[in-house]
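Chains as they are written, first to last, in my numbering: chain P, 1 to 330; chain R, 1001 to 1157.
The structure appears right after this line, and notes come after that.
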Amino acid sequence: MPKIGIFIIYYLVPTQSGLFLNKFMFSTLKGRDIISINELTPAEINSIVKLALELKKKPQPNLLAGKVMGSCFFEPSTRTRLSFETAMQRLGGKVVGFADAGVTSAKKGETLYDSIKIVGQYVDVVAMRHPLEGAARRAAEATDKPVINGGDGANQHPTQTLLDLMSIKETQGKLNNLSIAMMGDLKYGRTVHSLAQALTHFNARLYFIAPPSLAMPEYLLTELREKGIKFSVHESFENIIPKLDVLYMTRIQGERFPDQMEYNRVKDVYRLTVADLKNAKKNLRILHPLPRVNEIDYAVDKTPHAYYFEQAENGLYARQALLALVLNAI
Amino acid sequence: MIQQTGTLLVSAIKNGTVIDHAKAGSALKILSILGVENHDNVVTIGMHLPSKTSGKKDIIKLANWEITPSKANLTAIFSPSAVINIIKDFKVVKKYQVELSEIISGLVVCPNPKCITNNESMDSLFHTQKNKQGVSLKCHYCERTFKQEDIKEYHRA
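This is the structure in C-alpha cells:
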C-alpha cells in the first residue's frame, strides 16, 4: 500500500469565546497492515504514540463497539496476546481466535494463506503471531482486512517497538535527540533491531553494549551510518550510564551461546544493580521487553529509574491506538 | 577467445547467443537458471578464462538458441557484468549488457529455512540492490538481505 504521510486540515470552529483552531486528522493508517516498523513514517509513529498516551489518560470504552478482532496466535505468547485481546475489549470490541495452532486447521495441513482468508471474512482486523518469518506479510496478502503483526519468528514485532517508543516519549517528554543505550543480546534480539531502526527517525545518540559474540549485526550498523546516526560500541556499561536518558536492557539467552563458559563469563557482567546507577541522570529510565532473568537486580525495581513494568502496561495502550487507527475509529 | 598459439579456447558458433564477461565461476549457476538441460543444442562453456578487464571471466555459447532479454537479465543476479551477444551467421547482430531487475519473483529459493516462502506453497519475491560488493537480494517476506553467494538454490526460469 502506498505511503502518503498524514494530512492535517485545520479549520475554525465558532464557540462562545471566539473562533478556535481545530484539526481533523485523516490517518494514512486506515485499513493499513502493520507488518514492519520500517514501513511507518515518523509522522505515523508520532500519531500512534500520541493517541496511545491519550488513551492511557482517557479511556474510550465504546470506540470499537461492534468491531471484532481475530486473535490468531500460531505460537504461544502471554503479554502480546493478552494485551492485544484486552486492548480490543477495553475499546468495546470483541475478540475471537486461538492461542495455539494445534487447535486450528493448520494441523490438518491448511496453508496460512487459506486460514487467514477465512478468518478475514469473519472479523474486522487480524492480530497474529507466527513462528515463521514473513508469515504476517503472507497473511496480509490473503485478506483485505488489516493485519497487525504480533511477531513473525525472529523478524519483526512492530507493536513492541511502538510501546517502547511510547514509553520513551512518556518518560522523556520527547522522542528527538535522546541518548539511548541498548545492552545485552544485541545480535539475536529483534526488539533492539527494530527500536534502533525506528530511532533513526529521531536523531538519537545510540550506545550498543554487548559482548563481542552478541554484538549488533553489521548490516544494522551500516544502515545507521548511512542515515548519519551517531553511535558507539562498548563491552562494559559503567562509564556510559551517566550519559543516558534511556537504558534499554535485554535478556542474554544462555541457549544462544555455543560455549557455556563464555555465557557464564558474560551473564553477570551485564547485571545491573542499584550501585551502578549512582551517577545516573535523574531522568534516566530503564526499559526491558521482559521477561527478565537476572540481568536487572530486583532492588533496581524500587528506584525511580525502573520503568519496565509500566512499559509492559503501555503495550495495552499502544495496541489500542493501533487498532483504533487501522479501523478508522479516531 | 584466442590463445597465444592462435587456437580458440571456446569455439565460435554460427547462430545463437554468447554470454560473455560473466563473473568467473558463475557459468554453472547461469546454465542452471536458463534450464540448459532441457535443450539439445550445442552448449559450450569456458570458465576462468583470462580477461583484459576483470582478470578472469566465464563465457557461455548457446548454439541455435537466441535467449530473450528477460531471460538474459536473470543472469544478472549472479553476474551483473555479463554481456549478451546475439549471433547470426557468425556475426554479432545485437549486443547488450544484462540489466538487474528490481524485483525477482519465483526464481530464487530464500536461503532462510524459517522463511514462510520455504514452508508454504507460494512464490518467493526478492528486491535486488546493486552495490560495490555485487548484488544483494532482500526477501520481501522474511526481510533478510542476502549476498549472491548465499543463494544456493533456485527454480528454473
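We treat Cβ as the ideally placed atom computed from N, Cα and C, and that holds for glycine.
Predicted model only: the values in this text are computed from it and were never measured.
Exposure label - residue i; buried when at least 16 CB within 10 Å
i                 : result
Thr80 (chain P)   : buried
Gln1133 (chain R) : exposed
Ser36 (chain P)   : buried
Pro289 (chain P)  : buried
Pro217 (chain P)  : exposed
Met183 (chain P)  : buried
Ala275 (chain P)  : exposed
His1021 (chain R) : buried
Phe1090 (chain R) : exposed
Ile1103 (chain R) : exposed
Val326 (chain P)  : buried
Lys1014 (chain R) : exposed
Leu206 (chain P)  : buried
Pro158 (chain P)  : buried
Asn239 (chain P)  : exposed
Ala198 (chain P)  : buried
Asn22 (chain P)   : Annotation note: pLDDT 40 at Asn22 (chain P) (below 50); position unreliable, coordinate value reported separately. The residue is exposed, with fewer than 16 neighbouring Cβ atoms inside 10 Å.
Tyr248 (chain P)  : buried
Pro211 (chain P)  : buried
His1155 (chain R) : exposed
Neighbourhood of residue i by C-beta distance below 6 Å, restricted to the same chain and skipping five residues each side
i                 : result
Thr1075 (chain R) : Ile1030, Ala1082, Val1098
His1048 (chain R) : Ala1024, Lys1056
Arg1144 (chain R) : Asn1112
Gly153 (chain P)  : Pro131, Leu132, Glu133
Gln320 (chain P)  : Leu55, Ala87, Leu91
Ala1027 (chain R) : Ile1045, Met1047, Asp1058, Ile1060
Tyr1096 (chain R) : Ile1084
Whether residue i touches residue j by CB criterion (8 Å)
i                 : j                 : result
His130 (chain P)  : Phe74 (chain P)   : yes
Tyr307 (chain P)  : Ser213 (chain P)  : no
Arg251 (chain P)  : Asp185 (chain P)  : yes
His193 (chain P)  : Leu163 (chain P)  : no
Glu295 (chain P)  : Tyr263 (chain P)  : no
Phe1126 (chain R) : Val1109 (chain R) : no
Gly151 (chain P)  : Ser71 (chain P)   : no
Leu1062 (chain R) : Val1043 (chain R) : yes
Leu175 (chain P)  : Val246 (chain P)  : no
Neighbourhood of residue i by C-beta, 8 Å cutoff - its chain only, sequence neighbours within 5 removed
i                : result
Pro242 (chain P) : Asn279, Ala280, Lys281
Met69 (chain P)  : Phe84, Glu85, Met88, Gly93, Lys94, Val95, Val96, Gly97, Val123, Asp124, Val125, Val126, Ala127, Leu323
Leu53 (chain P)  : Met166, Lys169, Glu170, Tyr317
Gln253 (chain P) : Asp185, Tyr188
Glu313 (chain P) : none
Per DSSP, the bridge partner or partners of residue i
i                 : result
Lys1147 (chain R) : R:Ser1136
Ile1103 (chain R) : R:His1127
Met183 (chain P)  : P:Ile209, P:Met249
Pro1050 (chain R) : R:Lys1056
Same chain only: Cβ atoms within 7 Å of residue i, ignoring 5 sequence neighbours per side
i                 : result
Ala1072 (chain R) : Ile1084, Val1098
Ile118 (chain P)  : none
Phe1078 (chain R) : Lys1023, Ser1026, Lys1029, Ile1030, Gln1148
Lys1152 (chain R) : Pro1111
contact_flag[the segment 141 to 148 of chain P, the segment 30 to 45 of chain P] where n(CB pairs < 8 Å) is 3 or more: Yes, the segment 141 to 148 of chain P is in contact with the segment 30 to 45 of chain P.
Cβ pair count under 8 Å reaching 3, the segment 1103 to 1122 of chain R against the segment 1057 to 1070 of chain R: Segments in contact, no.
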